[in-house]
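Read through the structure below, which is laid out as structure tokens, and then see the notes.
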């Protein structure tokens, strides 16, 4: 499995600790240093069964600059959202874990994290 993290994020550090405690095998992707491409974001969104606006951090400074909260949330708007997330990875919710079995979660809650560890 792979976990996308920002090392300064407490929830990311907690998720890593839980993965370690469970003996899970994983790789870390510091997504701010190694941003996902638009194609990678598309793939992860399919695995998450979410839309790009569902994983956007709309209170970040860059989100406010872009006016993200006012953007449309329809199929016609998806490409714009994905492009913004790819260009400004700070906007991506974290941590995101992609499991080897094909599913993925935004592991912000203990339940979501456990779903991947049990996976």
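In the working numbering, the protein residues as written are 25 to 143. Cβ coordinates follow ideal geometry from the N, Cα and C atoms, glycine included.
Note on geometry: alpha-carbon atoms of residue 37 and residue 44 lie some 11 Å from one another.
Between the C-alpha atoms of residue 49 and residue 26 there is a straight-line separation of about 9 Å. Collapsing the DSSP output to three states places residue 99 in a helix. For the pair residue 59 and residue 68, the CB atoms are not nearer than the 8 Å cut-off. One alpha carbon belongs to residue 92, the other to residue 103, and they sit about 13 Å apart.
The Cβ-Cβ distance between residue 109 and residue 80 falls below 8 Å.
Counting every other CB atom within 10 Å of its CB across the protein chains shown gives residue 128 a total of 16 or more, marking it as buried.
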